[in-house]
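Working notes for the structure below.
4 protein chains.
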Amino acid sequence: MNDVATALGRLEELAIEVPSWAYGNSGTRFKVFGTPGTPRTVQEKLTDAAKVHELTGLAPTVALHIPWDKVDDYAALKEYAAGLGVGLGTINSNTFQDDEYKFGSLTSSNGAVRRRAIDHHLDCIDIMHATGSKDLKIWLADGTNYPGQDDIRGRQDRLAESLQEIYAALGDEQRLVLEYKFFEPAFYHTDVPDWGTSYAQTLALGEKAFVCLDTGHHAPGTNIEFIVMQLLRLGKLGSFDFNSRFYADDDLIVGAADPFQLFRIMHEVIRGGGFGKDSGVALMLDQCHNLEEKIPGQIRSVLNVQEMTARALLVDTAALAEAQRSGDVLAANGIFNDAFYTDVRPVLAEWRESRGLPADPLAAFKASGYQKKINEDRVGGQQAGWGA
Amino acid sequence: MNDVATALGRLEELAIEVPSWAYGNSGTRFKVFGTPGTPRTVQEKLTDAAKVHELTGLAPTVALHIPWDKVDDYAALKEYAAGLGVGLGTINSNTFQDDEYKFGSLTSSNGAVRRRAIDHHLDCIDIMHATGSKDLKIWLADGTNYPGQDDIRGRQDRLAESLQEIYAALGDEQRLVLEYKFFEPAFYHTDVPDWGTSYAQTLALGEKAFVCLDTGHHAPGTNIEFIVMQLLRLGKLGSFDFNSRFYADDDLIVGAADPFQLFRIMHEVIRGGGFGKDSGVALMLDQCHNLEEKIPGQIRSVLNVQEMTARALLVDTAALAEAQRSGDVLAANGIFNDAFYTDVRPVLAEWRESRGLPADPLAAFKASGYQKKINEDRVGGQQAGWGA
Amino acid sequence: MNDVATALGRLEELAIEVPSWAYGNSGTRFKVFGTPGTPRTVQEKLTDAAKVHELTGLAPTVALHIPWDKVDDYAALKEYAAGLGVGLGTINSNTFQDDEYKFGSLTSSNGAVRRRAIDHHLDCIDIMHATGSKDLKIWLADGTNYPGQDDIRGRQDRLAESLQEIYAALGDEQRLVLEYKFFEPAFYHTDVPDWGTSYAQTLALGEKAFVCLDTGHHAPGTNIEFIVMQLLRLGKLGSFDFNSRFYADDDLIVGAADPFQLFRIMHEVIRGGGFGKDSGVALMLDQCHNLEEKIPGQIRSVLNVQEMTARALLVDTAALAEAQRSGDVLAANGIFNDAFYTDVRPVLAEWRESRGLPADPLAAFKASGYQKKINEDRVGGQQAGWGA
Amino acid sequence: MNDVATALGRLEELAIEVPSWAYGNSGTRFKVFGTPGTPRTVQEKLTDAAKVHELTGLAPTVALHIPWDKVDDYAALKEYAAGLGVGLGTINSNTFQDDEYKFGSLTSSNGAVRRRAIDHHLDCIDIMHATGSKDLKIWLADGTNYPGQDDIRGRQDRLAESLQEIYAALGDEQRLVLEYKFFEPAFYHTDVPDWGTSYAQTLALGEKAFVCLDTGHHAPGTNIEFIVMQLLRLGKLGSFDFNSRFYADDDLIVGAADPFQLFRIMHEVIRGGGFGKDSGVALMLDQCHNLEEKIPGQIRSVLNVQEMTARALLVDTAALAEAQRSGDVLAANGIFNDAFYTDVRPVLAEWRESRGLPADPLAAFKASGYQKKINEDRVGGQQAGWGA
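The listed protein sequences correspond, in order, to chains A, B, C and D.
Just so you know, we're using my numbering here: the first sequence kicks off at 28 and counts up by one.
Just so you know, we're using my numbering here: the second sequence kicks off at 28 and counts up by one.
Just so you know, we're using my numbering here: the third sequence kicks off at 28 and counts up by one.
Just so you know, we're using my numbering here: the fourth sequence kicks off at 28 and counts up by one.
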């Protein structure tokens with residue numbers, strides 16, 4: 028394996044963006060459970076997110092969701108966040124919760140609906156200017172439930188036109204990141220179902236358009252690290268939405284379902300130049316803490332990414348390349364797995380302590396009394412959630 | 028093919044139970060769309076259901092969901108339904124919308140929670156006595172989201188105990204029907220994930236316990252007609268929840284995603300003695316009309332079942348058996364498909380007219396003004412839905 | 028629906044290429060069954076293929092597989108085929124049956140192996156000049172079985188280089204068609220696993236490079252007609268390999284597993300301008316007649332494509348567009364399905380008779396004595412197969 | 028976590044049966060690669076298997092496949108194995124490589140074919156008496172490729188009858204173990220596709236009939252550890268066929284695709300009393316070393332099982348139960364994962380050395396010169412393989 032110190036040196040560059048909505052309520056179509064202490068405002072969400080960063084040193088920015096996180100004064104919000112020690116990150120648009128969007132938003136054959144959806148994105152770009160956000164992330168719920176319900180070719184063309192108008196409004200330093208999803212909430216066809224579609228659409232837009240890869244948005248069995256490799260190779264990987272799944276878009280804690288897969292993904296990220304501050308690849312969480320506690324759930328998540336990144340950094344790439352060249356399947360696989368099977372938790376605890384962070388962030392959170400305090404403080408008001 | 032007249036003669040025996048909740052609002056975790064005319068009460072749901080039966084002659088009974096359809100006087104409700112020309116059918120329990128059931132209901136390690144869940148089923152049995160319902164259908168959302176979250180063996184044992192107590196309370200003519208589901212809302216393990224589990228549990232209970240097969244509750248690629256065959260062979264197929272899916276539990280209109288699969292299912296139902304009033308197999312719909320209109324959605328659904336049943340009844344079973352015996356793969360497949368490819372719609376239109384039903388029930392509904400009337404009448408109040 | 032006569036008028040343009048290897052033996056890793064009458068030579072394969080065309084009028088060309096169909100004189104072979112009434116079509120390369128290709132062919136890190144694989148394709152192009160074939164189809168078995176076994180990024184780059192050299196050798200009227208496949212025979216990663224990869228690679232090559240869509244090469248649940256739409260929209264759909272599947276790359280008779288899917292695919296082909304002689308989209312079969320008889324299996328296959336094309340041509344596109352625009356989900360789906368549910372077999376039988384073809388090609392084949400004759404004639408020699 | 032020493036103490040009980048056919052050639056339908064040193068006889072297979080046991084101490088018995096491993100004198104073979112330090116284990120029957128079984132074996136509607144298939148199993152039982160084998164393992168390739176091809180209900184009934192006759196012939200200490208498989212080589216329906224079918228069939232047979240769970244024989248996404256739990260709970264888990272897969276029945280090295288899944292499986296094995304010599308659960312490998320070296324592939328496999336078993340033995344079950352009871356999702360998951368993330372390789376190396384085994388069995392094999400020797404010695408003859 029690589030020298031541990033050297034490998035871990037690169038860990039400094041790891042930064043994971045947390046989503047504001049992870050601190051609010053979410054769930055399944057069957058039930059959304061509320062919990063004490065849930066934020067009522069975007070400010071409270073930021074406070075929770077800042078706690079995650081304080082304890083882990085891994086989560087310096089927070090993604091916002093518009094309109095869920097709408098405020099009157101975004102400059103003030105930016106300052107508020109800065110005061111908490113975090114920055115504002117990606118702006119996520121939302122075109123899936125209004126009745127108007129029942130049959131589509133950017134793909135709608137109804138000009139007025141499409142206009143409204145485009146304008147929403149232009150508003151988001153305005154917000155980005157105020158917050159200093161770099162990325163506009165677009166995930167569309169657009170699609171159909173029944174064969175014949177709509178003309179899927181026409182929808183694709185309208186999507187291209189709508190994106191073009193949004194793209195044209197981007198500032199010089201801003202990027203458009205287009206997410207794809209295999210299915211849900213549409214159950215027959217999704218307008219951006221796979222990386223190929225997102226790639227073709229962003230390629231047509233230009234150099235400021237990229238693909239967002241959500242690890243839960245693929246068909247069963249899909250080799251995700253291959254897509255990571257390919258998008259990096261094509262210069263089009265803009266960001267990740269990290270989570271994990273056993274079945275569909277389960278939105279579980281990243282690394283919880285298949286840690287070996289997360290390790291392989293991080294290996295390709297590093298291999299392809301997608302790791303680090305100047306890589307142009309943003310690492311984000313996008314999860315749904317349905318049963319587990321939210322703040323500890325986020326802490327667990329960023330630690331999982333860190334642990335698998337650390338393991339991936341340990342891969343002895345020189346020895347691996349040699350084994351690969353020689354066609355020694357078992358040796359190559361063994362070198363690769365050696366890194367995965369190494370228990371990095373002790374050195375990561377040291378790494379944290381050397382930076383003034385708690386060795387065990389989850390224990391530190393438990394001991395901090397923070398949850399008790401917000402349970403008591405956050406009484407009344409409307410708990411934040413997907414519908415809020 | 029079989030003689031059309033003879034084959035279609037058996038169609039008289041086709042009866043499809045519609046669910047009261049199909050007429051209320053439902054949707055995805057992203058959005059539930061409301062629509063004008065949506066029922067506010069169980070009585071209004073029954074009225075809509077009766078309309079479906081009036082126009083198709085196919086849907087004589089309505090399944091209820093407790094507590095969604097709770098009323099003070101079930102005998103009165105039964106009479107109300109009878110006045111509309113329909114009967115009350117299966118009682119569906121619900122242990123997935125209370126905070127208490129967050130970590131399980133009949134499987135919970137918390138005795139008080141389990142007690143409450145059992146009592147809810149005992150209440151349902153009381154309701155069945157009042158409504159004259161034969162079947163208690165149990166679908167559990169129980170499961171876990173993370174490996175290690177709970178002891179899956181202990182849960183299975185507690186499930187067996189809980190079911191035993193419920194089973195013991197059944198009347199002589201009553202049945203317990205246990206539904207299985209591959210995943211959702213639980214994303215790591217489901218306590219009744221497959222037909223094998225439902226079979227083992229109901230086998231342990233006794234002769235009044237059966238399996239419910241929901242056509243959307245399987246792993247990708249599962250051969251559902253094989254399970255139909257097997258459960259009929261084992262004498263344990265109690266009922267169907269019909270719907271269709273391209274991906275997961277999409278809950279689309281039955282037959283919409285893969286009509287050939289529905290044909291194959293009905294072929295095995297007929298082959299295995301599961302068709303007809305005395306078969307002991309109840310055919311039910313369980314769908315989620317998210318984008319399409321609800322009442323026409325239900326009409327379309329029962330017509331789809333009828334059309335595929337008619338095609339299945341056309342299979343020339345003697346010629347098929349002969350081709351199968353001779354190992355003539357293409358001939359056997361051809362005989363089977365001949366029935367599927369036959370357009371039965373004209374003869375079904377005649378069949379309807381000969382019974383005083385409209386030849387085209389969907390057109391008749393459109394022409395009836397019923398939707399316009401309920402849109403105007405049903406103003407105010409709380410539209411029924413999964414959470415209502 | 029559309030006027031039947033008009034719709035069926037377009038059927039004249041339907042031409043389906045049959046693969047020479049369909050007439051030889053193939054099977055599974057567990058067993059390859061041999062059958063009497065199996066061709067021993069490419070000439071005998073062509074004779075069988077010509078019989079399919081003679082009886083159906085649908086299969087005017089035959090694809091060859093090199094080296095399986097290697098001969099000394101391709102001009103003579105072309106003449107031989109012409110004498111039988113068929114033409115020679117696509118040339119399929121083969122880099123998966125030599126020991127050298129164990130760890131890859133066009134992607135190999137071993138220069139000599141890659142050289143050999145490229146040269147094989149250059150030989151194929153030479154053959155194309157002799158046969159007058161337009162398309163060089165490349166399907167690669169390249170991939171790995173274990174994480175870490177090889178550097179998947181390096182392989183992708185080498186693939187691009189190899190393809191570039193092959194592409195450069197194409198004649199003006201020749202095309203390179205790159206097939207993708209989800210998995211098998213590689214079980215961890217495939218070098219061209221999805222349409223996105225094939226698209227990106229062929230886009231980099233230029234205007235004579237296209238994607239081949241094999242209907243059995245996708246992840247479970249993939250919406251194939253969406254990919255058809257997208258590739259037509261992007262101008263990159265070169266050809267189909269038709270077959271059907273319930274699970275993986277089962278290579279069953281096209282339309283056998285899900286006829287409604289084949290209908291939807293043909294709808295998008297027509298919608299996107301991919302139907303007809305000048306469309307640039309080649310329709311091919313690629314199947315594996317493991318249990319069923321081979322020649323009747325091919326007849327059944329081309330008839331299935333014709334039947335679903337005819338149904339797709341019946342879609343009342345004007346009414347459909349109107350229903351789609353109005354957001355009437357059930358009406359649009361109903362118009363779409365009306366065409367699918369129409370039994371076109373009687374009019375297709377008439378269509379055949381009006382052209383001097385047998386009304387029932389399968390019955391005509393049975394009555395022809397052809398199978399009996401080849402069973403008697405083709406004794407001795409080596410039956411053709413995948414390994415031949 | 029549990030005390031390492033105590034936990035690892037139980038490792039003594041770990042015994043993994045290796046299959047004789049792992050040392051012969053196997054592959055995919057596209058290509059079977061041969062390699063130098065491949066055994067030509069069952070004796071040579073046993074020699075290779077003994078090497079695996081010599082270096083790991085984990086593989087004391089070898090499963091045979093009839094007719095692949097047919098010999099004249101099984102008592103002599105048993106002695107031969109004993110001389111090498113290994114025993115003969117499970118007898119695997121084979122009804123998938125004869126032309127007669129094209130349409131089925133134990134399920135065939137042809138009485139003569141069924142008779143032959145039953146007799147083959149009776150022969151296997153005779154062999155078991157000679158070898159002292161305990162288990163007769165039945166995996167059937169039986170199934171169909173096309174809807175309507177055969178009557179799946181009739182086949183199920185005939186399967187039951189055939190199994191009954193075989194079961195009746197078992198000696199007092201012998202067991203019948205029925206394997207299930209989702210698909211392949213049959214592509215429409217498989218006669219024993221799921222654990223439910225195998226359970227129902229073996230339940231009908233009696234107390235000496237059990238289910239065999241092959242980890243690669245499930246639908247995508249199936250929770251295998253749940254099935255392990257359920258079968259142990261029902262007293263019907265007879266044996267495992269270990270391997271791993273990313274897609275279908277890929278037959279890769281166990282633990283290679285998803286080591287966390289193997290850990291979870293071993294956790295349920297231990298939890299449910301399936302671990303150890305008296306548990307009645309046999310752990311076997313069943314893999315296909317297509318690209319990697321065979322003997323090291325087997326060594327890697329048994330080490331993987333040992334490593335994941337060791338990790339599973341480390342789970343702090345008391346703390347886990349407490350966290351589960353309290354509904355602390357993250358704590359329970361954390362305790363579970365703590366064991367998985369522990370690097371047991373150093374203590375296992377010590378464990379080996381303390382028993383006179385090489386610390387690194389793979390390095391020891393490489394250093395031993397064994398492969399070089401068999402490459403030189405095993406020249407000429409027919410290399411063993413699936414078809415041999």
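No residue lacks a Cβ here, since even glycine has one placed at the ideal position from N, Cα and C.
D:His294 has its alpha-carbon roughly 36 Å from the corresponding atom of C:Asp169. Here DSSP, grouped into helix, strand and coil, assigns B:Ile118 to strand. For C:Ala34, the enclosing alpha helix (DSSP H) starts and ends at Val31 to Gly36.
Within the stretch 79 to 164 of chain D, the complete alpha helix (DSSP H) segments at least 4 residues long are 101 to 111 and 138 to 158, listed from N- to C-terminus.
Beta bridge pairing from DSSP links B:Ser266 with B:Cys239 and B:Ala309. Annotation: Cβ neighbours of A:Arg56 in chain B (cutoff 9 Å, chain order): Ser53, Gly54, Thr55, Arg56, Phe57, Val59, Glu211, Pro212, Cys315 and Trp413. For C:Met293, the nearest beta carbon of chain A is not closer than 9 Å to its own beta carbon.
Ranking C:Asp285, C:Ser266, C:Phe267 and C:Gly265 by CA distance to the CA of C:Tyr274 puts C:Asp285 first.
When 7 Å is used as the limit between beta carbons, D:Ala168 is near these residues of chain C: Phe57, in chain order. Contact fails between the stretch 67 to 76 of chain C and the stretch 377 to 389 of chain C, because fewer than three Cβ pairs, one in each stretch, are under 8 Å apart. B:Phe302 is the residue among B:Tyr215, B:Gly243, B:Leu261 and B:Phe302 whose C-alpha sits nearest the C-alpha of B:Thr336. Rounded to the nearest whole angstrom, the CA to CA distance from A:Ala390 to A:Lys400 is 16 Å. A:Glu81 is the residue among A:Glu81, A:Val45, A:Ala102 and A:Lys58 whose C-alpha sits nearest the C-alpha of A:Glu380. The C-beta of C:Gln124 comes closer than 9 Å to at least one C-beta of chain D. No Cβ of chain C is located within less than 9 Å of the beta carbon of D:Phe237. Here DSSP, grouped into helix, strand and coil, assigns D:Leu279 to strand. For the alpha helix (DSSP H) assignment, the stretch 207 to 231 of chain C encloses no uninterrupted run of at least 4 residues. Put simply, the CB of D:Arg352 is near chain B, with a gap under 9 Å to one of its CB atoms. For C:Gln201 against C:Ile154, the beta-carbon gap comes to about 11 Å, at or over 8 Å, which does not count as contact. The stretch 302 to 316 of chain D makes contact with the stretch 45 to 57 of chain D, as at least three CB pairs between them are under 8 Å. Against chain B, the beta carbon of D:Tyr226 has neighbours under 9 Å at Gly223, Tyr226 and Ala227, listed in chain order. Its chain contains Ala168 as the residues whose beta carbon lies nearer than 6 Å to that of D:Pro212, once the 5 sequence neighbours on both sides are disregarded; these appear in chain order.
Within 7 Å of the CB of D:Asp285, the CB atoms of chain A belong to Asp285 and Phe287, in sequence order along the chain. If you check each beta-carbon in the stretch 368 to 400 of chain C against every beta-carbon of chain B, the ones closer than 7 Å belong to Tyr368, Thr369, Asp370 and Arg372.
Among the residues of chain A, those whose CB is under 9 Å from the CB of D:Asn360 are Ile280, Ala283, Glu319 and Arg327, following chain order. Sorting C:Asp355, C:Phe290, C:Leu163 and C:Thr344 by C-alpha distance to the C-alpha of C:Gly198 places C:Leu163 at the top. Residue pairing of C:Glu44 in beta bridges, as defined by DSSP: C:Met311. In the DSSP annotation of this structure, the continuous segment of the alpha helix (DSSP H) that includes B:Phe392 starts and ends at Pro388 to Ser395. A:Leu375 sits in a helix when the DSSP states are folded into three classes.
The continuous alpha helix (DSSP H) containing B:His294 extends over residues Pro286 to Arg298. A contact between stretches requires three or more CB pairs, one per stretch, nearer than 8 Å, and the stretch 173 to 189 of chain C meets this requirement with the stretch 127 to 147 of chain C.
Looking at the DSSP output, A:Arg202 bridges to A:Asp162.
Residue-level contact check: A:Ala49 does not touch chain B, since none of the beta carbons of chain B fall below 9 Å from its beta carbon.
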